[in-house]
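Peer 1:
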Amino acid sequence: MKLRTVSYFLRQAAKSTRRNGWMSLASVATVAIALFVLGAFLLVIMNANYIAQELEASIEIAVYLQVDTPREKSISLKDEIARLPQVAEVVLVTKEEALDQLSKRWGDNKDLLAAVGGVNPLPDYFRVKAVDPNQVQELANLMAGMDLVEKVDFGAGAVTRLLSLLTWVRMVGLVTMALVSLAAIFLIAITVRLTVFARRREIAIAKWVGASDWFVRWPFFLEGVFLGLAGALVSILALYGTYTLLVDSVANIVPFLPIITDIQSVGRMLFLLLAAGVCVGAVGSAVSVHRFLRV
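The sequence shown begins at 18 in my numbering and counts up one residue at a time.
#1: Short check: CB of Ile78 to CB of Val169, under 9 Å?
#2: Going by Cα to Cα distance, which pick from Phe53, Leu59, Ala46, Asp141 is closest to Ser91?
#3: Could you tell me the distance, in whole angstroms, from the CA atom of Met63 to the CA atom of Phe143?
#4: Tell me whether Arg178 is buried or exposed, calling it buried when 16 or more other Cβ atoms sit within 10 Å of its Cβ.
#5: Looking only at its chain, what residues have a beta carbon closer than 6 Å to the beta carbon of Gly294, apart from the 5 residues adjacent to it on each side?
#6: Is Ile92 helix, strand or coil when you go by DSSP?
#7: Based on DSSP bridge pairs, tell me the residues matched to Val80.
#8: What is the rounded straight-line gap between the Cα of Gln83 and the Cα of Gln70?
#9: Using the DSSP secondary-structure output, state which residues sit across from Val107 in a beta bridge.
#10: Using the three-state DSSP reduction, which class does Val312 fall into: helix, strand or coil?
#11: Between Val283 and Ile276, how many whole angstroms is the CB-CB distance? I'm expecting something under 8 Å.
#12: Which value, in whole angstroms, describes the spacing of the CA atoms of Glu155 and Thr278?
#13: Take the Cβ of Pro138 as the centre, count every other Cβ of all protein chains shown within 10 Å, and call the residue buried at 16 or more, exposed below.
#14: Assuming Val271 is part of the alpha helix (DSSP H), what are its boundary residues?
#15: Would Ala147 pass as a contact of Val104 if the rule is Cβ separation under 9 Å?
#16: Would you kindly report the start and end of the unbroken alpha helix (DSSP H) that includes Met160?
#17: Give me, in chain order, the residues of the same chain whose beta-carbon lies closer than 7 Å to that of Arg285; leave out the 5 immediate sequence neighbours on both sides.
#18: Quick one: Cα of Asn269 to Cα of Leu159, how far?
#19: In whole angstroms, what separates the C-alpha of Met194 from that of Val54?
#20: Consult DSSP for Arg234 and reduce its assignment to one of helix, strand or coil.
#21: Taking DSSP as the reference, what is the three-state secondary structure of Arg285?
#22: The ligand NAP and Ala249: does the residue's C-beta get closer than 8 Å to at least one heavy atom of that ligand?
#23: If you check the beta carbons only, do Leu183 and Ala65 fall under 9 Å apart?
#24: Taking the alpha-carbon positions, what's the Leu262 to Ile253 distance?
Set out below in structure tokens:
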């Protein structure tokens, strides 16, 4: 394609965008809003995944042994559990270590021992992490049936509710993003279609003198790309500013909540949003030209 031809296409696209004035502005605004919502839900999904990974990594199964279990039996059982394919990590906490941890919370060891008659009543126990959080229940049931195991605890209800909630958030976010993308494509298609209708005589003459299909299509295609790109830039600026403020607020109000603060991760998402804006504009114009012009 010659440089002169490319320049002609760009001028025609810019002229058409200016000619449509308010309609072009409305398209940019709507695309910006649509992509802002799209980006917001994408950030929600990213943070939901991040929170899920952090929480899933912290889920542990506490496996309490019988109080009179010999230490060598505890070590042997630890090795047996570590060999299970569902287990990512297993740590043995001896009854002495458990008493030390308890004393740091409630008082001196001597006071605690005196309160229970001078005998450590705590058992050895294991802290077990599963390879897959969805296997926690299965793994807990398996270890509960082992010899010398007195009790298994991992907060079954809380884990199940957490995983269900995060799955629901991901699904709602994906459906919303799909609907918003379709709305943006539809609006750009309408804008380009109005441009095509306004220039129908010019297009007919161009076709009559031998202009190719792509020669007619390209200016409209670029117009859609311009609208999508402009909307994406507006949404990116608004989204970045809003997210930065929210991160600062969350860090002050809920400092223990893990959220994404990595600029590179957010930057990659914003770049994808820019590409999405261009794609939305391109698809919207392509659909309009194909279905309306039939060239």
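Even for Gly, the Cβ is constructed at its ideal location relative to N, Cα and C.
Peer 2: Taking the coordinates as given:
#1: yes
#2: Asp141
#3: 32 Å
#4: exposed
#5: Leu52, Gly245, Leu246, Gly248, Ala249
#6: helix
#7: Phe143, Val169
#8: 33 Å
#9: Val145
#10: In this predicted model, Val312 has a pLDDT of only 48, less than 50, meaning its place in the structure is not dependable; the value taken from the coordinates is given anyway. Here Val312 sits in coil by DSSP.
#11: That belief does not hold up - the Cβ atoms of Val283 and Ile276 are roughly 11 Å apart, past 8 Å.
#12: 34 Å
#13: exposed
#14: First-last for Val271: undefined, no H or E at that position.
#15: yes
#16: 153 to 161
#17: none
#18: 42 Å
#19: 8 Å
#20: helix
#21: helix
#22: Annotation note on the ligand NAP: not contained in the displayed structure, which lists no ligands.
#23: yes
#24: 14 Å
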